[in-house]
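*Asks:* Residue numbers (the working numbering): 2 to 217. The structure follows.
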């Protein structure tokens, strides 16, 4: 009988110790997952940006002679911050982005005659994003993000140059390949939005970007 009670005690102690071991292993794996990344990582890449600028062009006139491509190439650079105070699988990123110039030939009035003018728009932005890494494997990892931005924009409206600043937002998803190598190629997609003011008019400027580059 004493031997039976002794065995029961051993089993009880084993059952109590087992969750502690599992919990410790789980904590260790999470800690290791965070330790896999350096405190800072950098990104450099390009984007193909589609801009719906029709509202902007129509400030000049409702008649367009010709519009340059709605898609322009641009540059992106950013720095990612991985810190132990952040929740698991999350990180901040701060970056700068610049897109090529958009332009269109519009119908204008030169005295009593109709003539053609070119209206332009270009912009760059400083962005702060909060990422959540929702997938990780030996070959790839992916994160979704949302953030805010400050935009410097300039161009020409009715032959007059203008320059303005605006705030905006962006959401997106990026996929990184070869996550355990020193350099990680990535692709991604981003939707961003900002608006500019012209008198009482608000010009909405939504963008859709395809991203590609390297993280290191």
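Virtual Cβ for every residue (Gly too), placed ideally from N, Cα, C.
1. In chain order, which continuous runs of the beta strand (DSSP E) of length 3 or greater are located wholly inside the stretch 102 to 148?
2. Hey, how far is the Cα of residue 45 from the Cα of residue 71?
3. Whose C-beta lies closer than 6 Å to the C-beta of residue 206 among residues of the same chain, with five residues either side of it excluded?
4. Kindly indicate which three-state DSSP category residue 56 falls into: helix, strand or coil?
5. Where do the N-terminal and C-terminal ends of the beta strand (DSSP E) with residue 186 fall, by residue?
6. Contact between the stretch 150 to 159 and the stretch 120 to 129: three or more CB pairs below 8 Å?
7. Identify the continuous beta strand (DSSP E) that holds residue 217 and give its terminal residues.
8. Classify residue 208 as buried or exposed, calling it buried when 16 or more other Cβ atoms lie within 10 Å of its own Cβ.
9. Rounded to whole angstroms, how far is the Cβ of residue 146 from the Cβ of residue 126, which I believe are closer than 8 Å?
10. CB of residue 178 to nearest heavy atom of the ligand GTP: below 8 Å?
11. Assign residue 212 to one of two classes, buried (16 or more other C-beta atoms within 10 Å of its C-beta) or exposed (fewer than that).
12. Out of curiosity, what's the CA-to-CA distance linking residue 58 and residue 105?
13. Using alpha carbons as the reference points, say which of 179, 85, 180 and 103 lies closest to residue 75.
14. Tell me the DSSP secondary structure of residue 48 in three-state form.
15. Which of helix, strand or coil does DSSP assign to residue 79?
*Replies:* This is what the structure holds:
1. 114 to 137
2. Within the chain shown, residue 45 is the residue found at index 44, counting from 1. Within the chain shown, residue 71 is the residue found at index 70, counting from 1. The straight-line gap from Cα to Cα measures roughly 23 Å.
3. Here residue 206 refers to the residue found at position 205 when the chain shown is read from its first residue. So the qualifying residues of the chain are 195.
4. For this step, residue 56 is matched to residue 55 along the chain shown. Looking at residue 56 - three-state DSSP - the assignment turns out to be helix.
5. Position 185 of the chain shown, counted from the start, is the residue given in the question as residue 186. Per DSSP, residue 186 belongs to the beta strand (DSSP E) from 185 to 199.
6. yes
7. Working through the chain shown from its first residue, we reach residue 217 at position 216. Careful: residue 217 lies outside any beta strand (DSSP E) and carries neither H nor E.
8. For the purposes of this step, residue 208 is taken as the residue at position 207 of the chain shown. Under this definition residue 208 is a buried residue.
9. For this step, residue 146 is matched to residue 145 along the chain shown. For this step, residue 126 is matched to residue 125 along the chain shown. The pair is not a contact, with the Cβ atoms about 15 Å apart (cut-off 8 Å).
10. What this structure holds is no ligand at all, so the ligand GTP is not there to describe.
11. Here the question's residue 212 lines up with position 211 in the chain shown. When all chains shown are included, residue 212 counts as buried.
12. Here residue 58 refers to the residue found at position 57 of the chain shown. Here residue 105 refers to the residue found at position 104 of the chain shown. Distance between the alpha carbons of residue 58 and residue 105: 7 Å.
13. Taking the first residue of the chain shown as position 1, residue 75 is located at position 74. Per the Cα distances, 103.
14. Within the chain shown, residue 48 is the residue found at index 47, counting from 1. Residue 48 falls in the strand class under three-state DSSP.
15. For the purposes of this step, residue 79 is taken as the residue at position 78 of the chain shown. In the structure shown, residue 79 sits in a strand (DSSP, three-state: E or B).
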